[in-house]
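Novice: Got a structure here, written out as structure tokens. Questions coming.
In this note's numbering, the protein residues as written are 142 to 276.
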């Protein structure tokens with residue numbers, strides 16, 4: 142599979158992962174789409190997850206345009222991984238505020254299938270760099 146096809150498939154997977162349950166709390170889950178569109182709270186942090194579909198769209202457009210990417214493929218490929226890793230770090234910092242001890246196992250249990258799928262897709266996108274037909 143060449144880089145262009147892999148990029149198209151993974152960009153579509155990134156967009157699809159936005160609608161899977163991302164966080165678990167009180168027996169229900171919330172997707173990243175639910176988090177962004179939720180009413181209340183003007184925190185800028187809920188809009189950080191919009192970097193994922195933006196980078197997926199830029200990767201998709203670039204791959205369909207004979208691998209001509211605005212800025213460069215590496216930036217758009219690494220951005221979803223950095224965005225996904227932001228949320229566990231942020232939750233850990235919030236939970237350990239005030240000197241509280243945080244159990245990493247409990248922190249991991251907060252994340253649902255959407256997080257793990259997004260992490261896997263973003264990791265593959267950032268690490269796997271097959272050769273292009275156009276090179």
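Note that the Cβ used here is the ideal one computed from N, Cα and C, for glycine as well.
Tell me, please, which residues DSSP counts as bridged to residue 171.
Specialist: On the chain shown, residue 171 is found 30 positions in, with the first residue counted as 1. Beta-bridge pairing links residue 171 to 164.
Novice: Go through the stretch 167-235 residue by residue and report every complete run of the beta strand (DSSP E) that reaches 3 residues or more, in order.
Specialist: Complete beta strand (DSSP E) runs here, min 3: 169-172.
Novice: Taking all protein chains shown into account, decide if residue 228 is buried (16 or more other Cβ within 10 angstroms of its Cβ) or exposed.
Specialist: Translated into positions along the chain shown, residue 228 becomes position 87. Buried is the call here.
Novice: How long is the line joining the alpha carbons of residue 158 and residue 224, rounded to whole angstroms?
Specialist: Counting from 1 along the chain shown, the entry for residue 158 is found at position 17. Counting from 1 along the chain shown, the entry for residue 224 is found at position 83. So the alpha carbons of these two residues sit roughly 13 Å apart.
Novice: Which term fits residue 222, buried or exposed, when burial requires 16 or more other beta carbons within 10 angstroms of its beta carbon?
Specialist: Position 81 of the chain shown holds residue 222. Under this definition residue 222 is a buried residue.
Novice: Examine the Cβ distances between the stretch 161-168 and the stretch 246-260 and report whether three or more of them are shorter than 8 Å.
Specialist: Yes, the stretch 161-168 touches the stretch 246-260.
Novice: For residue 199 versus residue 217, is the C-beta spacing smaller than 8 Å?
Specialist: Your numbering for residue 199 matches position 58 in the chain shown. Your numbering for residue 217 matches position 76 in the chain shown. Cβ atoms of residue 199 and residue 217: closer than 8 Å.
Novice: Tell me which same chain residues have a C-beta within less than 7 Å of the C-beta of residue 190, skipping the five on either side of it?
Specialist: As a position in the chain shown, residue 190 is number 49, starting the count at 1. Closer than 7 Å at the Cβ level, and outside the excluded window around residue 190, lie 173, 176, 177, 224.
Novice: Distance, Cα to Cα, residue 242 vs residue 226?
Specialist: Within the chain shown, the letter at position 101 stands for residue 242. Within the chain shown, the letter at position 85 stands for residue 226. Distance between the alpha carbons of residue 242 and residue 226 is about 20 Å.
Novice: By DSSP's criteria, residue 252 is part of a beta bridge. Which residues make up the other side?
Specialist: Translated into the one-based positions of the chain shown, residue 252 becomes position 111. The partner list for residue 252 (beta bridge, DSSP) reads 164.
Novice: DSSP on residue 143, reduced to helix/strand/coil?
Specialist: The count along the chain shown starts at 1 and reaches residue 143 at position 2. Three-state DSSP puts residue 143 in coil, outside helix and strand.
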